[in-house]
Amino acid sequence: RAAQIAQDRVDRIDTRQLSISAEEVNLPDESVLVQLNYRNIEAVYYRLLKLDFELKDQEINYDRAAQLSKYLAMRPYRASTINLATNDDFQAHLSEFALDDLPKGMYRLLVSDNAEFKTDNDQRVSWVVFSISGMATMELEYDLDEKHYQIVDRETGSPLSDVTIAQYGSERDNETLRYKKIQDLAP
1 RAAQIAQDRV DRIDTRQLSI SAEEVNLPDE SVLVQLNYRN IEAVYYRLLK LDFELKDQEI
61 NYDRAAQLSK YLAMRPYRAS TINLATNDDF QAHLSEFALD DLPKGMYRLL VSDNAEFKTD
121 NDQRVSWVVF SISGMATMEL EYDLDEKHYQ IVDRETGSPL SDVTIAQYGS ERDNETLRYK
181 KIQDLAP
């Protein structure tokens, strides 16, 4: 019994960890900072995918392996390797890296501890979605029954004109989540 407890502790100490996060919306012409949390990993590989802004016909499969397979089949907008500082102390570490020169749009960033993005054994893959936009939506409530929206410049807060809002909703079952357009809203 003691040997099993000791082995469990060694396994926990040796466990590799990897996760990322980023601001959901970033300003154009500014670097996107990505936060990287890792343990027992020497390098990370990333694939940046540029997504269609339209959510129509998009669906998300709850099967993580199926999702990953779909993402890996897409042509990356950018791909690279980041060598991490030596971290042979078995502790969790936090670092950031920047993605520069991204045009307006929606992106999915995948990171992995292996170049093939495999998830076998003790291999890790994580992803995050973010967008580059100069616009922000403000919800204005005049009464409880009706909502109005204002589109503003994300940096200055100045109202923007001639902008329409498309509202999307989702349908889900046990396996997938599908997005569909509900209506266009007047700002």
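Residue numbers (this note's numbering): 1 to 187. In this text, a Cβ means the ideal position worked out from N, Cα and C, and glycines have one as well.
Alpha-carbon spacing of residue i relative to residue j, whole angstroms
i: Arg124; j: Leu49; result: 18 Å
i: Lys70; j: Leu27; result: 28 Å
i: Ala2; j: Arg9; result: 11 Å
i: Ile165; j: Lys147; result: 13 Å
i: Ile13; j: Leu110; result: 25 Å
i: Gln7; j: Ser80; result: 36 Å
i: Val34; j: Asp11; result: 29 Å
i: Val128; j: Val152; result: 25 Å
i: Ser21; j: Leu36; result: 7 Å
i: Asp145; j: Met138; result: 17 Å
i: Lys118; j: Gln150; result: 44 Å
i: Met74; j: Ile5; result: 43 Å
i: Asn126; j: Arg172; result: In the sequence as presented, Asn is not what sits at residue 126; that position holds Ser. If I take the Cα positions, the gap works out to 23 Å.
i: Ala43; j: Arg16; result: 12 Å
Per DSSP, the bridge partner or partners of residue i
i: Val152; result: Ala136, Pro159
i: Gln17; result: Arg39
i: Thr81; result: Tyr45
i: Val10; result: BP columns for Val10 are empty, so no partner.
i: Phe130; result: Tyr107
i: Leu51; result: Met106
i: Ala92; result: In DSSP, Ala92 forms no bridge with anything.
i: Leu99; result: Val32
i: Glu146; result: Partner(s): none; Glu146 has no beta bridge.
Residue of the options minimising C-alpha distance to residue i
i: Pro159; options: Arg16, Lys147, Asp145, Leu140; result: Leu140
i: Asp120; options: Leu51, Arg64, Ile82; result: Arg64
i: Ala92; options: Leu68, Leu18, Gln7; result: Leu18
i: Pro103; options: Ile41, Met74, Gly134; result: Gly134
i: Ala98; options: Gly105, Ile82, Tyr77, Ala43; result: Ile82
i: Thr156; options: Asn114, Asp101, Tyr149, Ala136; result: Ala136
i: Leu84; options: Val25, Ile5, Ser161, Arg39; result: Arg39
i: Ala115; options: Arg172, Tyr45, Ser131, Met106; result: Tyr45
i: Phe130; options: Val32, Leu51, Thr15, Glu24; result: Glu24
i: Ser31; options: Asp162, Asp100, Ile132; result: Asp100
Secondary structure of residue i, DSSP reduced to three states
i: Lys104; result: coil
i: Leu72; result: helix
i: Arg1; result: coil
i: Arg124; result: coil
i: Ala115; result: coil
i: Ala66; result: helix
i: Asn87; result: coil
i: Glu23; result: coil
Proximity test, residue i beta-carbon vs the ligand ZN heavy atom, cut-off 7 Å
i: Glu23; result: Absence of the ligand ZN from the depicted structure is noted, as is the absence of any ligand whatsoever, leaving it without description.
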